[in-house]
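Working notes, structure below.
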Amino acid sequence: MGARRGLQQAMRAAGLPDEVLLDTPRVVLSGMDRLMLENHRGVIECARDVVRVRVEGGVLCVRGAELSLSHLRPGLLIVDGALEQVSFQRAEGRP
Numbered sequence: 773m774g775a776r777r778g779l780q781q782a783m784r785a786a787g788l789p790d791e792v793l794l795d796t797p798r799v800v801l802s803g804m805d806r807l808m809l810e811n812h813r814g815v816i817e818c819a820r821d822v823v824r825v826r827v828e829g830g831v832l833c834v835r836g837a838e839l840s841l842s843h844l845r846p847g848l849l850i851v852d853g854a855l856e857q858v859s860f861q862r863a864e865g866r867p
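Per the working numbering, the very first residue in the sequence shown carries number 773; after that it's consecutive.
This is the structure:
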């Protein structure tokens with residue numbers, strides 16, 4: 773068992789969520805017009821119809837209309853607009 777997996781199991785046994793120490797992305801949808809993302813690693817693309825963000829293990833993609841970043845700081849961003857699709861693309865070589 774790898775060190776990361778062991779830490780993850782210990783955290784779960786202690787009742788702690790993964791995003792506390794493991795840099796796991798946390799996505800919170802608020803209705804159909806707001807998405808909050810914690811633990812991001814940078815914006816790759818930001819357009820009116822798509823926002824792509826680097827996260828641990830891959831890329832999170834938000835598609836919609838009239839999208840904008842209403843809040844951006846290290847580790848936290850908020851996307852506002854008419855959300856239509858949220859998807860995750862795993863990095864190559866990741867299980």
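For glycine and all other residues, C-beta sits at the position ideal for the given N, C-alpha and C.
Put residue i into one of helix, strand or coil per three-state DSSP.
i, result
"residue 820", "coil"
"residue 863", "coil"
Which value, in whole angstroms, describes the spacing of the CA atoms of residue i and residue j?
i, j, result
"residue 823", "residue 781", "32 Å"
"residue 846", "residue 858", "21 Å"
"residue 812", "residue 796", "9 Å"
"residue 799", "residue 843", "14 Å"
"residue 818", "residue 838", "11 Å"
"residue 777", "residue 854", "37 Å"
"residue 828", "residue 848", "13 Å"
What does residue i pair with, by DSSP beta-bridge criteria?
i, result
"residue 839", "BP columns for residue 839 are empty, so no partner."
"residue 852", "806 and 840"
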